[in-house]
Amino acid sequence: KQEVTQIPAALSVPEGENLVLNCSFTDSAIYNLQWFRQDPGKGLTSLLLIQSSQREQTSGRLNASLDKSSGRSTLYIAASQPGDSATYLCAVRAAGNKLTFGGGTRVLVKP
Amino acid sequence: GAVVSQHPSWVICKSGTSVKIECRSLDFQATTMFWYRQFPKQSLMLMATSNEGSKATYEQGVEKDKFLINHASLTLSTLTVTSAHPEDSSFYICSARGGLAYEQYFGPGTRLTVT
Numbered sequence: 222k223q224e225v226t227q228i229p230a231a232l233s234v235p236e237g238e239n240l241v242l243n244c245s246f247t248d249s250a251i252y253n254l255q256w257f258r259q260d261p262g263k264g265l266t267s268l269l270l271i272q273s274s275q276r277e278q279t280s281g282r283l284n285a286s287l288d289k290s291s292g293r294s295t296l297y298i299a300a301s302q303p304g305d306s307a308t309y310l311c312a313v314r315a316a317g318n319k320l321t322f323g324g325g326t327r328v329l330v331k332p
Numbered sequence: 059g060a061v062v063s064q065h066p067s068w069v070i071c072k073s074g075t076s077v078k079i080e081c082r083s084l085d086f087q088a089t090t091m092f093w094y095r096q097f098p099k100q101s102l103m104l105m106a107t108s109n110e111g112s113k114a115t116y117e118q119g120v121e122k123d124k125f126l127i128n129h130a131s132l133t134l135s136t137l138t139v140t141s142a143h144p145e146d147s148s149f150y151i152c153s154a155r156g157g158l159a160y161e162q163y164f165g166p167g168t169r170l171t172v173t
């Protein structure tokens, strides 16, 4: 059974610092991995999707890497801003075509 | 990008009553829809997967007679919580995927409170 873990569970940084969020998964036989952002009481916003054949994806200040063999993905957010404060979730799609979510990392960027 | 809407955004109901939540894909045809529930400060847990015109497939531990899912069209799925109890209070999020697309698009969620 696929298990997804996100470390740390919470993170607080001063504005301007780079954010590094980690995601690990137990079964490397995945189709893709997706990073989401969730604001309190809201739904999910897709940030980046990395196919299993890719090693990274970039969008603006966001960069996500994928090392399928070791079961790891890292989301980098450069030059953090208070508006980046949210919960970040990673999810992997594997056999059964379902998304399995990690527990999330709650990020607070202090002005 | 693709948009998924949910209605209502929040609902309060009394124990023993039923409540229906709608999920719509606004600008694409959703061949597959997913229903998740999320407890405070926890991640999303998949409840069921539905394909248009077919019966939903429920995850282990989810009561199909309590959480009725209907995916009658390519743009609409409904989740009905029957005989609601306070422990059913949660944040319910739907998601939709179209055809062979890899990406799932998520609705804004529905906050259900059962008193």
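Protein sequence lines, in the order shown, are assigned to chains R and F. Residues 222 to 332 (this note's numbering) are what the first sequence spells out, left to right. Residues 59 to 173 (this note's numbering) are what the second sequence spells out, left to right. Cβ coordinates follow ideal geometry from the N, Cα and C atoms, glycine included.
Point to revise | Chain-order list of residues whose beta-carbon lies under 6 Å from that of tryptophan 68 (chain F) (same chain, five-residue window excluded) | key: In the second sequence, counting from the first residue as 1, residue 68 (chain F) sits at position 10. Excluding sequence positions up to five before and after tryptophan 68 (chain F), its CB lies within less than 6 Å of the CB of Arg169, all in the same chain and listed in chain order.
Check your understanding: Taking 9 Å as the CB-CB cut-off, is arginine 169 (chain F) touching chain R?
Key -> Within the second sequence, residue 169 (chain F) is the residue found at index 111, counting from 1. True, the Cβ-Cβ gap to chain R drops below 9 Å.
Practice item. Let me know if arginine 276 (chain R) comes out buried or exposed under the rule of 16 or more other beta-carbons within 10 Å of its beta-carbon. Key: In the first sequence, residue 276 (chain R) corresponds to position 55, counting from 1. With fewer than 16 other Cβ atoms within 10 Å, it is exposed.
Exercise for review: Pick helix, strand or coil for aspartate 248 (chain R), following the three-state DSSP scheme.
Suggested key: Indexing the first sequence from 1 puts residue 248 (chain R) at position 27. Here aspartate 248 (chain R) sits in coil by DSSP.
Practice item. Return no unless some Cβ of chain F is closer than 9 Å to the Cβ of glycine 264 (chain R). Key: Position 43 of the first sequence, counted from the first residue, corresponds to residue 264 (chain R). Interface residue, yes.
Exercise for review: Would you identify the three-state DSSP class for glutamate 224 (chain R), choosing helix, strand or coil?
Suggested key: Stepping through the first sequence from its first residue, residue 224 (chain R) is reached at position 3. If DSSP states are grouped into helix, strand and coil, glutamate 224 (chain R) belongs with coil.
**Study point:** Simplified DSSP state of aspartate 123 (chain F), which is helix, strand or coil
**Key:** Sequence index remark: in the second sequence, residue 123 (chain F) carries index 65 (1-based). Looking at aspartate 123 (chain F) - three-state DSSP - the assignment turns out to be coil, as it is neither helix nor strand.
Exercise for review: Determine the chain R residues that contact isoleucine 151 (chain F) at a beta-carbon separation under 9 Å, and present them in chain order.
Suggested key: Numbered from its first residue, the second sequence carries residue 151 (chain F) at position 93. Within chain R, the residues near isoleucine 151 (chain F) are Gly264 and Leu265.
Check your understanding: Who pairs with valine 69 (chain F) in a beta bridge, going by DSSP?
Key -> To locate residue 69 (chain F), count along the second sequence from 1; it is residue 11. Answer by DSSP bridge pairing, in chain order: F:Leu170.
Review point. Which residues does DSSP pair with asparagine 284 (chain R) in a beta bridge?
Key: Stepping through the first sequence from its first residue, residue 284 (chain R) is reached at position 63. Paired residue(s): R:Thr279 and R:Tyr297.
Review point. Does any residue of chain F bring its CB to less than 9 Å from the CB of leucine 268 (chain R)?
Key: Taking the first residue of the first sequence as position 1, residue 268 (chain R) is located at position 47. Leucine 268 (chain R) does not count as touching chain F.
Practice item. Say whether chain R places a C-beta atom closer than 9 Å to the C-beta of serine 73 (chain F). Key: In the second sequence, counting from the first residue as 1, residue 73 (chain F) sits at position 15. Output row for serine 73 (chain F): interface = no.
Exercise for review: In angstroms with no decimal places, state the Cα-to-Cα distance between asparagine 253 (chain R) and alanine 315 (chain R).
Suggested key: Translated into positions along the first sequence, residue 253 (chain R) becomes position 32. Translated into positions along the first sequence, residue 315 (chain R) becomes position 94. So the two alpha carbons sit approximately 7 Å from each other.
Check your understanding: Helix, strand or coil: how does DSSP classify proline 235 (chain R) here?
Key -> Taking the first sequence and counting its residues from 1, one reaches residue 235 (chain R) at position 14. Here proline 235 (chain R) carries a strand assignment [DSSP, helix/strand/coil].
Practice item. Check the DSSP bridge columns for leucine 134 (chain F) and list the partner residues they point to. Key: Against the second sequence, residue 134 (chain F) aligns to sequence position 76. The partner list for leucine 134 (chain F) (beta bridge, DSSP) reads F:Arg82 and F:Ser131.
**Study point:** From F:Ser153, F:Val172, F:Thr171 and F:Trp93, residue whose alpha carbon lies closest to that of phenylalanine 86 (chain F)
**Key:** Locating residue 86 (chain F) in the second sequence gives position 28, where the first residue counts as 1. Nearest option by C-alpha distance: F:Ser153.
Point to revise | Unbroken beta strand (DSSP E) run spanning valine 330 (chain R), endpoints | key: Working through the first sequence from its first residue, we reach residue 330 (chain R) at position 109. Its beta strand (DSSP E) spans residues 326-331.
**Study point:** Of the listed residues F:Val172, F:Met91 and F:Lys113, nearest to leucine 132 (chain F) (C-alpha basis)
**Key:** Locating residue 132 (chain F) in the second sequence gives position 74, counting from the first residue. The shortest CA-to-CA distance from leucine 132 (chain F) to any of F:Val172, F:Met91 and F:Lys113 is the one to F:Met91.
Exercise for review: Excluding the 5 residues preceding and the 5 following lysine 319 (chain R) in the sequence, name in chain order all residues of the same chain whose CB lies nearer than 8 Å to its CB.
Suggested key: Counting from one through the first sequence, the residue named residue 319 (chain R) turns up at place 98. Taken in chain order, the list of residues that qualify is empty.
Practice item. Return the Cβ separation of asparagine 239 (chain R) and tyrosine 297 (chain R) in integer angstroms, given the expectation that the two are a contact with Cβ distance under 8 Å. Key: Reading the first sequence from its first residue, position 18 is the one you call residue 239 (chain R). Reading the first sequence from its first residue, position 76 is the one you call residue 297 (chain R). Going by Cβ atoms, the distance from asparagine 239 (chain R) to tyrosine 297 (chain R) rounds to 6 Å, so yes, they are a contact pair.
Point to revise | Minimum Cβ-Cβ distance from tyrosine 116 (chain F) to chain R less than 9 Å | key: Taking the second sequence and counting its residues from 1, the one referred to as residue 116 (chain F) is at position 58. So no, tyrosine 116 (chain F) is outside the interface.
Check your understanding: Are three or more beta carbon pairs between the stretch 137-157 of chain F and the stretch 111-128 of chain F nearer than 8 Å?
Key -> yes
**Study point:** Whole-Å CB distance - leucine 268 (chain R) paired with valine 328 (chain R), under 8 Å assumed
**Key:** Numbered from 1 along the first sequence, position 47 holds the residue referred to as residue 268 (chain R). Numbered from 1 along the first sequence, position 107 holds the residue referred to as residue 328 (chain R). Going by Cβ atoms, the distance from leucine 268 (chain R) to valine 328 (chain R) rounds to 12 Å, so no, they are not a contact pair.
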